[in-house]
Structures are given as C-alpha cells and as structure tokens.
Amino acid sequence: MSRDISERRKNLLEALSMAGRDNSNAAVMYHTAMGERLGLGMTEEKTLDLLQRMGPLTAGEIGQHAGLAPATVSGLIDRLEAKWLVRRVRDTRDRRRVIVEINYERLAGFSELFEPFVAALGELYERYTDDELEVILDYVTRATALQRAATRDLTA
Numbered sequence: 001m002s003r004d005i006s007e008r009r010k011n012l013l014e015a016l017s018m019a020g021r022d023n024s025n026a027a028v029m030y031h032t033a034m035g036e037r038l039g040l041g042m043t044e045e046k047t048l049d050l051l052q053r054m055g056p057l058t059a060g061e062i063g064q065h066a067g068l069a070p071a072t073v074s075g076l077i078d079r080l081e082a083k084w085l086v087r088r089v090r091d092t093r094d095r096r097r098v099i100v101e102i103n104y105e106r107l108a109g110f111s112e113l114f115e116p117f118v119a120a121l122g123e124l125y126e127r128y129t130d131d132e133l134e135v136i137l138d139y140v141t142r143a144t145a146l147q148r149a150a151t152r153d154l155t156a
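The numbering of the sequence shown is the UniProt record's numbering, which starts it at 1 and goes up by one.
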C-alpha cells in the first residue's frame with residue numbers, strides 16, 4: 001500500500017478495522033450466549049454448524065475446516081458424542097474410515113433459537129442492491145479465508 005494514501009481512505013480503513021473488530025466481538029458473544037442456552041461450548045456449537053452445512057465429515061476433515069489440531073478434534077467429537085449430538089459411523093464405502101454425523105433427532109428445536117437473528121439479517125440484506133451484495137460477499141469470503149489461515153497458523 002502506498003504511503004501517500006488520502007485522509008479519507010486512512011479514515012475508512014481505520015473505521016473498517018474497528019467495525020471488523022466489533023463484528024468479531026459481537027459474533028463471539030452471540031455464539032457464547034447461544035452455546036450457553038444449548039449447553040455447548042462455542043467450538044462445539046460451531047462444529048455442529050459445520051456438520052449441518054457440509055454434511056458428515058471425518059475427524060480430519062473437521063480439523064481442516066475448523067483449523068483445529070487432531071487431538072483437539074478428537075476431544076471435541078468425544079464431548080459432542082457424550083451429549084448425543086453426533087455419532088461416529090463407519091463409512092459404507094470404506095469401512096476403515098469413520099465419519100461423524102449429526103444426531104438430528106437430538107437437535108430438534110435448536111434452529112428456532114437462531115430464527116430471529118436470521119430474519120433480521122434477511123431484512124438487512126434487503127437494503128442492498130445485487131451488486132452491493134456481490135461486493136459484501138466477496139469481502140466476507142476473502143476475510144474468512146484469511147481468518148482460517150491465521151487460525152491454522154496459530155494451531156500448527
């Protein structure tokens with residue numbers, strides 16, 4: 001980045017940095033509160049979200065997507081299994097592989113807690129044009145990739 005940046009850009013970058021930190025803090029606090037309501041730690045809750053979005057995964061795949069070390073993932077799956085939220089099953093194509101899948105019967109009613117926030121986000125999205133949504137999506141996708149890489153670096 002050039003040292004000769006405009007005052008406006010400097011102010012925007014500073015505001016964006018602060019807004020990003022505020023957003024991160026709000027997300028952590030929201031998921032901490034949600035986890036407490038569900039009797040889960042934040043990592044447990046986010047792992048369930050990962051499994052809901054991606055479908056059944058191996059422990060290694062969970063570790064890759066979450067940026068967690070293998071020992072951490074094993075303990076995490078043990079905790080979720082003890083709460084009857086996931087189960088380990090043999091892969092039908094390769095019996096040596098173990099897949100972690102959600103116990104959806106146990107999760108019944110959990111999604112209702114998220115509905116007010118999801119609805120509020122839907123209303124927020126209505127304020128933006130399709131072109132603006134594309135820019136927002138691009139930023140969020142790239143920022144998420146950077147954060148995942150930083151997480152991998154911290155846990156390596």
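Don't be surprised by glycine CBs; every beta carbon is placed ideally from N, CA and C. All figures in this text were calculated on a predicted structure; none of them were measured in a lab.
Here the alpha carbons of residue 144 and residue 130 stand approximately 21 Å from one another.
The DSSP assignment places 104–107 and 110–125 as complete runs of the alpha helix (DSSP H) inside the segment 104–151, in order along the chain (cut-off: 4 residues). DSSP, read as helix, strand or coil, puts residue 77 in helix. In the DSSP assignment, the residues bridged to residue 86 are 102. Counting along the chain, residue 60 sits inside the alpha helix (DSSP H) bounded by residues 59–66. Here the segment 119–136 does not lie against the segment 64–72, with fewer than 3 beta-carbon pairs under 8 Å apart. Under the three-state reduction of DSSP output, residue 40 falls in the coil class, being neither helix nor strand. When the beta-carbon positions are compared, residue 106 and residue 99 stay at least 9 Å from each other. The way I'd put it, the segment 109–118 does touch the segment 18–37; three or more beta-carbon pairs between them come closer than 8 Å.
In the structure shown, the three-state DSSP call for residue 92 is coil. Around the beta-carbon of residue 16, fewer than 16 other beta-carbon atoms lie within 10 Å, marking it exposed. The Cβ-Cβ distance between residue 48 and residue 57 does not fall below 9 Å.
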